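For reference, the structure discussed in these notes is given below.
There are 2 protein chains.
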Amino acid sequence: MKYSLLFPKTLKKAPSGAESINQQLLVRAGFIHQEMAGVYTYLPLGWRVLDKISDIVREEMDKIGGQEMLMPVLHPKANWAKTGRLKSFDVLYKLEDVVLGPSHEEIIYPLLSEYVKSYKDLPLCLYQIQMKFRNEPRAKAGLLRGREFLMKDLYSFHVSDEDRDAYYEKVRAVYIKIFKKIGLDVLKTKAGGGTFSDLSEEFQVMTPSGEDTIFVCEKCSSVINKELVQDKKCLECGGGLQEKRAIEVGNIFPLKRSYAEVFNLYFTDKNGEKKIVSAGCYGLGISRCMGAIVEVFHDGQGIIWPESVAPFQIHLVGLDLEDKKVMDEAEKIYKLLQVEDPERSRRTEGIEVLYDDRSDVSAGVKFADADLIGIPFRVVVSKKTQDKLEVKKRSEKETKFVSLKELIKMIELSD
Amino acid sequence: MKYSLLFPKTLKKAPSGAESINQQLLVRAGFIHQEMAGVYTYLPLGWRVLDKISDIVREEMDKIGGQEMLMPVLHPKANWAKTGRLKSFDVLYKLEDVVLGPSHEEIIYPLLSEYVKSYKDLPLCLYQIQMKFRNEPRAKAGLLRGREFLMKDLYSFHVSDEDRDAYYEKVRAVYIKIFKKIGLDVLKTKAGGGTFSDLSEEFQVMTPSGEDTIFVCEKCSSVINKELVQDKKCLECGGGLQEKRAIEVGNIFPLKRSYAEVFNLYFTDKNGEKKIVSAGCYGLGISRCMGAIVEVFHDGQGIIWPESVAPFQIHLVGLDLEDKKVMDEAEKIYKLLQVEDPERSRRTEGIEVLYDDRSDVSAGVKFADADLIGIPFRVVVSKKTQDKLEVKKRSEKETKFVSLKELIKMIELSD
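Chains as they are written, first to last, in the numbering used here: chain A, 1 to 415; chain E, 1 to 415.
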């Protein structure tokens, strides 16, 4: 993508009212635009990041037998009346005959009860990546607490609690893997279950700007959410608890049996007996992860995207472009990097390049924009570079002069 | 995907109340599930089709300079009050302080007015693929008239009407190409512009089950929508008009200047003069296309998917699976077809296979399910087939015995 064509360009300063780091940087760098409190447009750069996080999540969900589908935003109000959550779910958007889905138990249980009859129909693991809606009275902190946000929700259904628990363990392990892949260190945290279940486990990213309060045991390192804190003593070992700030990026929990009762989700087992279906629910906040990544990975100059979710791999900066020879060289490098090449190990698709081809701004402005946007590799072509390329990793200080071939090798090795 | 694991299985008959062909077949075959009038879950098979249509649209949008982004569903009510559409848009979902987006002029104009200052910032072509909401009082006909539906909307912004008109022509040509790619023959139809513009062009698929009425000139073949009919004479040549039924799958129109006025979308031209931005809007109904395809491509047995949008390319049917030799052969073929093979022209990713591995249903049931689901190639492995495969195209009657290599060649040649 040529930067001259990209919508929009960076802003000199964050708009007033953007109090959190992720909102300030994502808005300034041109990833998101706020439409109202807690409601954002994902601009082309931001949409690329969301899409990459989604694809990483999708790949891992498919590996544990998840089948992707898409449930609606509009839910019949009657379903929510049945579970009692029309009243108890405090941030529900309600219209005349519908509510906007903040979660999908009220859709997936009645759906399954039409199809699941026998033990042969189980287990089932179904997921979607979809916008969720919660009428947050205090929508704030950029992508951390939105009224409209992108979430992956997986639901699993089983013949027994034991079978569900085994799958639950699998999901827990996969979650750790996903968060690692997208660059986030998470703490598994015991928490309450809200209207969903009795207990849940949260995945929390420890960071001073976090909205959640968690308690870490000084002795055994186990972590609990503030809902479960009693006397500030560890539930496991009785050790002292330290209060920390964190961002919840995922949560998993066994679902209350009452959903299956209300929506009549039973099956016939091998012996012809009627049994209740056991279920689990596994949420992962895709847009919230994007916000959390920025909270963790930034410096005074801007964002530092982990390579797995960066909107582009290379930020190619063309300098001295009034010199036709340099301009031609920069264009050539831009094209060569993007070429599909089956000989490049693990990268037949070509490398994603954002090419700053502007001829009306200074080198300083281009470097500042590159730092703000935060693409992993900055590559300069200029009069000075001649037949080499000047490479700098966004996360490091040193620049190096390398050939195109060496650059491609660097990128292949690093992801 | 193994059919034994796929959610859900086919239904013996369509649910009561499903009056349209697309709803009957898509529900029976397990592509969609109705949650309420006009609101559907896209089940795993249906989600694959939607995704394929989206990808074809995306590819073509990118080729004409479209930049993908994602605008929100929740719109500030104030924006809709500004354009007067809070009252005039008759199927708008309204909540206390927000409306649910049925179209995105009220978001994209204010967004652009923050970034577009100079002629250098134009042209801009931005699009999204997103759920839209319209409170249809008579939601019906399956995916043809929904309350929640997937749409691609592209907006283009230009320094002049001439520039916009040139881009408009480009989009028109690309639309014809997209519809052809997904198997739909469309008629370009002149129509009114509703609350959006003065005139518009619709892309209509002629079919007896269509909800729209169009008029085709007997003499010059030009087509107009019923809004524009006067005395049943052609506007171009005065010829007689024939009334036909059709499904509108896309529409394109120059946007009324009043949007730019209301949201203050002006720019400074080369001479330093302030000028109004000229714009166009280009809609394409992704989920409606899925419905239209089924209305056009089906027979008494089920759906006949065009290869470009089919959920899988091959429906592999294993028969006599109680015979271990046959079972092993079927599993082997299932795996080999899916292998990534760079030597296969145009298909390094492997072939998508739905494998009916059930051992508890008859050959008759499996064939009936394959016809209902409508995947382009049915491939049988049985005692009879030995080292060959029995292939039948869904759209044809004859079966052929071929080798694996010949089968792969057939598929490569046909798409």
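Where is the CB? At the ideal position from N, CA and C, for every residue including glycine.
Please read these numbers as outputs of a predicted model, since none were measured by experiment.
Any idea which residues DSSP pairs residue i with across the strands?
i, result
"residue 77 of chain E", "Its beta-bridge partners do not exist; DSSP assigns none."
"residue 267 of chain A", "A:275"
"residue 391 of chain E", "E:379, E:400"
"residue 225 of chain E", "E:214"
"residue 137 of chain E", "BP columns for residue 137 of chain E are empty, so no partner."
"residue 189 of chain A", "A:202, A:223"
"residue 340 of chain E", "Its beta-bridge partners do not exist; DSSP assigns none."
"residue 85 of chain E", "In the DSSP output, where bridge partners are listed per residue, residue 85 of chain E has none listed."
"residue 116 of chain A", "DSSP, once it has assigned bridges, lists no residue as partnering residue 116 of chain A."
"residue 156 of chain E", "E:125, E:280"
Measure the CB-CB distance between residue i and residue j and report whether it falls below 7 Å.
i, j, result
"residue 176 of chain A", "residue 53 of chain A", "no"
"residue 376 of chain A", "residue 45 of chain A", "no"
"residue 37 of chain E", "residue 24 of chain E", "no"
"residue 141 of chain E", "residue 248 of chain E", "no"
"residue 147 of chain E", "residue 49 of chain E", "no"
"residue 221 of chain E", "residue 320 of chain E", "no"
"residue 132 of chain E", "residue 149 of chain E", "yes"
"residue 218 of chain A", "residue 239 of chain A", "yes"
"residue 493 of chain A", "residue 7 of chain E", "The shown model of chain A, from 1 to 415, leaves out residue 493 of chain A, and the question about it has no answer."
"residue 29 of chain A", "residue 372 of chain A", "yes"
"residue 126 of chain A", "residue 93 of chain A", "no"
"residue 402 of chain E", "residue 389 of chain E", "yes"
"residue 187 of chain A", "residue 223 of chain A", "yes"
"residue 421 of chain E", "residue 152 of chain E", "With chain E covering only 1 through 415, there is no way to say anything about residue 421 of chain E."
Contact criterion: CB-CB distance below 7 Å. Does residue i meet it with respect to chain E?
i, result
"residue 71 of chain A", "yes"
"residue 74 of chain A", "yes"
"residue 92 of chain A", "no"
"residue 396 of chain A", "no"
"residue 266 of chain A", "no"
"residue 83 of chain A", "no"
"residue 115 of chain A", "yes"
"residue 111 of chain A", "yes"
"residue 124 of chain A", "yes"
Give me the Cβ distance between residue i and residue j, rounded to the nearest whole Å; I'm assuming they're in contact under 8 Å.
i, j, result
"residue 333 of chain E", "residue 394 of chain E", "Wrong, their Cβ atoms sit about 19 Å apart, outside the cutoff."
"residue 246 of chain A", "residue 214 of chain A", "5 Å"
"residue 21 of chain A", "residue 295 of chain A", "6 Å"
"residue 69 of chain A", "residue 26 of chain E", "Actually they are not in contact, since the Cβ atoms of residue 69 of chain A and residue 26 of chain E sit about 13 Å apart, beyond 8 Å."
"residue 41 of chain E", "residue 72 of chain A", "6 Å"
"residue 293 of chain A", "residue 277 of chain A", "Actually they do not touch by this definition, with Cβ atoms about 36 Å apart."
"residue 317 of chain A", "residue 337 of chain A", "So it is not a contact: roughly 13 Å between Cβ atoms."
"residue 168 of chain E", "residue 280 of chain E", "5 Å"
"residue 143 of chain A", "residue 291 of chain A", "3 Å"
"residue 374 of chain E", "residue 302 of chain E", "5 Å"
"residue 98 of chain A", "residue 75 of chain A", "6 Å"
Counting only beta-carbon atoms, is residue i nearer than 7 Å to chain A?
i, result
"residue 386 of chain E", "no"
"residue 33 of chain E", "yes"
"residue 410 of chain E", "no"
"residue 67 of chain E", "yes"
"residue 7 of chain E", "yes"
"residue 47 of chain E", "yes"
"residue 44 of chain E", "yes"
"residue 205 of chain E", "no"
"residue 36 of chain E", "yes"
"residue 41 of chain E", "yes"
"residue 106 of chain E", "no"
"residue 148 of chain E", "yes"
For the ligand FMN, any of its heavy atoms closer than 6 Å to the Cβ of residue i?
i, result
"residue 132 of chain E", "Judged by which ligands are present, the structure shown has none, so any question about the ligand FMN falls away."
### Query
Would the segment 149 to 163 of chain A and the segment 185 to 198 of chain A be scored as touching if the rule is three or more Cβ pairs under 8 Å?
no
### Query
If we count Cβ pairs, one from each stretch, closer than 8 Å, do we get three or more for the segment 269 to 280 of chain E versus the segment 100 to 119 of chain E?
yes
### Message
Quick check: the segment 108 to 116 of chain E against the segment 67 to 86 of chain A, are at least 3 beta-carbon pairs closer than 8 Å?
### Response
no
#### Entry: Three CB pairs or more closer than 8 Å across the segment 121 to 137 of chain E and the segment 249 to 259 of chain E
no
### Message
For the structure I just gave you, are there three or more beta carbon pairs, one from the segment 311 to 320 of chain E and one from the segment 230 to 242 of chain E, closer than 8 Å?
### Response
no
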